[in-house]
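Engineer: Right, I'll just put the structure down here and ask away after.
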Amino acid sequence: MSEPSVINLLVADPVQSDIEHIVKTLRGEGYQLELIHADQAEEIRSAIDYQPLDLILARLAENLPSIAELRLMVVEAKQDIPIIIVMDEESRQQHKPARLLEEGADDFFDLNDADHLVAVVRKELRHLQNRKREQSFETRFKESENRSQALLENIQEAIAYIHEGVHAYANPAYLRLFGYPSKEDLAQIQLVHMVPPTYRDALKSVLRRSIRSGKAIEAVELAGVRSNGQTFPMLLECAPTRMNDEPCTQIIVRDATPEKSAYNQQLENLLKYDDVTGLYSRRFFLETLEIDHNGTVLYVLFTDYAAIRYAMGFEAIEQFMLEAASLFKEMLAIEDIAASFASGVSTIYVPARSSTDAMALAEKIRASVGAHSFQINGKLFTTTCCIGVCQAQESHESAVQILAHADRACEAARQKGGNQIEVYKPPKEERQGGISE
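Residues in the sequence shown are numbered consecutively from 883, following this note's numbering.
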């Protein structure tokens, strides 16, 4: 993020010559100034409360707020505005520079040293931009977490995360399967108590194999115990993952009673595919990615989806998604999984064992969509797509976390103007010390 060429500047100084010197110096360095001059406490407070300020340059004088008072105004306004103190020979004799910083100033400059003024302004603007970038990342991270949580909460598979033998998380489907009304009721129950005593050694063996191998374990037949003591046959899959930066085990449980199995098979057949595009369904894609996420995920957003739906209606948008899906179906290897994931979004999982080059596939899809003339209801039009890529080789993250990364990369591609491919790059601390999400 480059420093702004326009500075929203508040100068709290009663000396007109000071202001003229500051303005001349900064404009000489190429800055454009949106200047607010105030020499009364109420004017200063009003500017801080209601104006979009980047910097405050303030002189210490009798009728002006002290540094502590200025800092309090900024805090009460819930703003992030650096405070820089204007110094001259007289004020330097009255105020030690170190004391200014202790009282809450971010920096100071000498009026007689134009280079000092420019250096301090440049530094504080850079620090301000860095803080804004960090805040923006934190906001996007929280939004991504919320989307991930929403996916888990709505998926129909019974999924739980186990940390040190205890349930760290269980989704609503898991609670329903075992008959618990809330997550709190399950929080302190050990996983081994969810199966009869005769099955506990088998359960422990499956968990140990998953942890030692670092890989997902295929479904094994066990028995489960519901909250009312009733037992039922179940299929359990598990895989090592992380939650809140802690190693844990993800388990997926399916009811295997005969009548349930027959019903579930019918339901699987209905829910496996999207009835509009013929691609796999969102549910099937998530389940597949939960079990095997050693590969690459493409998150394909069709840029004009909302505009097409608004202008042409729902039948037209279904035709559009069908035609768009047909563009890349033939590009996929048999191992690849393509799904209709959300409104205007298709996702593709390219496992590590696939012969497909994921990045080359992304470029082919981008180019193919951009070059294609769609014909719907007798109308011809063109559109583009943005593609976010998350490379999740040997990842310990969950499917929803991987998808959130791909979604974030897709949003970055969209913000750059669309018709682009963006690869998710984890923050530095994640690359060095494990995933923090």
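Backbone N, C-alpha and C define an ideal beta-carbon position, used for all residues, glycine too.
All figures in this text were calculated on a predicted structure; none of them were measured in a lab.
Take Ile1133 as the anchor and find which of Glu1119, Leu915, Tyr1081 and Val1271 has the nearest alpha-carbon.
Structural biologist: Here residue 1133 refers to the residue found at position 251 when the sequence shown is read from its first residue. Closest option to Ile1133, Cα to Cα, is Glu1119.
Engineer: So what does DSSP say about Asp900, is it helix, strand or coil?
Structural biologist: As a working mapping, residue 900 is identified with position 18 in the sequence shown. In the structure shown, Asp900 sits in a helix (DSSP, three-state: H, G or I).
Engineer: How do the segment 1289 to 1305 and the segment 1193 to 1207 stand: do at least 3 beta-carbon pairs fall below 8 Å, yes or no?
Structural biologist: Verdict: no, contact absent.
Engineer: Tell me the DSSP bridge mates of Phe1223?
Structural biologist: Numbered from its first residue, the sequence shown carries residue 1223 at position 341. Answer by DSSP bridge pairing: none, since Phe1223 is not bridged.
Engineer: On the three-pair Cβ rule with 8 Å, is the segment 1110 to 1117 touching the segment 1085 to 1092?
Structural biologist: They do not touch, by the three-pair rule.
Engineer: What residue range is occupied by the uninterrupted beta strand (DSSP E) comprising His1049?
Structural biologist: Here residue 1049 refers to the residue found at position 167 when the sequence shown is read from its first residue. Run containing His1049: Val1048 to Ala1052, per the beta strand (DSSP E) assignment.
Engineer: Could you have a look at Lys1261 and say whether DSSP puts it in helix, strand or coil?
Structural biologist: What you label residue 1261 is simply residue 379 of the sequence shown in a count that begins at 1. Three-state DSSP puts Lys1261 in a strand.
Engineer: Could you pull out every unbroken alpha helix (DSSP H) segment of at least 4 residues lying fully inside the segment 893 to 958, listed in chain order?
Structural biologist: Correct list: 898 to 910, 923 to 932 and 949 to 958.
Engineer: With 16 as the cutoff for other CB atoms within 10 Å, does Ile1216 come out buried or exposed?
Structural biologist: Stepping through the sequence shown from its first residue, residue 1216 is reached at position 334. By the neighbour-count rule (16 or more Cβ atoms within 10 Å), Ile1216 is not buried but exposed.
Engineer: Take every Cβ of the segment 1164 to 1171, pair it with every Cβ of the segment 1214 to 1228, and state whether three or more of those distances are shorter than 8 Å.
Structural biologist: Counting Cβ pairs under 8 Å, three or more are found: they touch.
Engineer: Expressed to the nearest angstrom, what Euclidean distance is found between the alpha-carbon atoms of Phe1263 and Glu1205?
Structural biologist: The count along the sequence shown starts at 1 and reaches residue 1263 at position 381. The count along the sequence shown starts at 1 and reaches residue 1205 at position 323. One C-alpha to the other measures close to 12 Å.
Engineer: From Val1227, Glu1245 and His1175, pick the residue whose C-alpha is nearest to that of Ala1281; which is it?
Structural biologist: Position 399 of the sequence shown, counting from 1, holds the residue named residue 1281. Of the candidates Val1227, Glu1245 and His1175, the one whose C-alpha sits nearest the C-alpha of Ala1281 is His1175.
Engineer: Taking a contact to mean a Cβ-Cβ separation below 9 Å, would you say Met1213 touches Asn1259 in this structure?
Structural biologist: Here the question's residue 1213 lines up with position 331 in the sequence shown. Here the question's residue 1259 lines up with position 377 in the sequence shown. Not closer than 9 Å, so no.
Engineer: Hey, is Lys1097's beta-carbon within less than 9 Å of any beta-carbon in chain B?
Structural biologist: Judged by its chain identifiers, the structure shown contains no chain B, having just a single protein chain.
Engineer: Here's a check: name, in chain order, each residue in its chain whose Cβ is nearer than 6 Å to the Cβ of Gly1316, leaving out the five neighbours to either side.
Structural biologist: In the sequence shown, the residue the question calls residue 1316 occupies position 434. Model confidence at Gly1316 stands at a pLDDT of 38, short of 50, so the residue's coordinates are unreliable; what they give is reported in the following sentence. Excluding residues within five positions, none has a Cβ falling inside 6 Å.
Engineer: In the segment 1155 to 1212, which residue ranges form an unbroken beta strand (DSSP E) of at least 3 residues, counting only runs that do not cross its ends?
Structural biologist: DSSP runs (the beta strand (DSSP E)) wholly in the segment 1155 to 1212: 1177 to 1184.
Engineer: Check whether the segment 968 to 975 touches the segment 910 to 929, counting contact only when three or more Cβ pairs, one atom from each stretch, lie closer than 8 Å.
Structural biologist: Contact fails: fewer than three Cβ-Cβ distances are below 8 Å.
Engineer: For a test of the three-state rule: what should DSSP assign to Glu1279, helix, strand or coil?
Structural biologist: Counted from its first residue, the sequence shown places residue 1279 at position 397. Note: Glu1279 maps to coil in three-state DSSP.
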